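Chemist:
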Amino acid sequence: MISKARFAPSPTGLLHVGNARSAVLNWAYINNKGGEFILRIDDTDKQRSKTEFEYQIKEDLKWLGITWHKTFNQSGRQNIYVKKIQELKNLNKIYPCFESPEELSLKKKSQLLSGKPPIYD
468 MISKARFAPS
478 PTGLLHVGNA
488 RSAVLNWAYI
498 NNKGGEFILR
508 IDDTDKQRSK
518 TEFEYQIKED
528 LKWLGITWHK
538 TFNQSGRQNI
548 YVKKIQELKN
558 LNKIYPCFES
568 PEELSLKKKS
578 QLLSGKPPIY
588 D
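Going letter by letter, the sequence shown gives residues 468 to 588 in the working numbering.
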């Protein structure tokens, strides 16, 4: 079995030092294991993601000496997720949530204040 690691920057801005550090550590670790390094561009924020940022992130990673075995954009995998969600629905493994974000947040806070982990019904 081949070990894999990934780095998943959002192309909503330039690569910053924290992300560069994560990329270098993941890349060095997986190279030491003889595994594959995957670059996943997390471009699902359509309003803020820019192709010029994606290009510059890749250039910066190359400058750092980081190479990858494969790369893909998260936005291009939507059909995979839709298919998997449908499979889970068919198996009755997921169900819709009818609570608002505010209701969920209130329940979470209440559980945590009671010293319990958050649960949702």
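For every residue, glycine included, the Cβ atom is placed at its ideal position computed from N, Cα and C. Note that this is a predicted model, so its numbers are computed, not measured.
Does DSSP classify residue 586 as helix, strand or coil?
Modeler: coil
Chemist: Leaving out five residues on either side along the sequence, give the residues of the same chain with a beta carbon under 6 Å from the beta carbon of residue 475.
Modeler: 507 and 509
Chemist: With a Cβ-Cβ cutoff of 8 Å, do residue 497 and residue 470 count as a contact?
Modeler: yes
Chemist: Sorted by chain position, which residues of the same chain lie with C-beta nearer than 7 Å to residue 511's C-beta, five sequence neighbours on each side aside?
Modeler: 541 and 542
Chemist: What's the gap between the Cα of residue 484 and the Cα of residue 525?
Modeler: 14 Å
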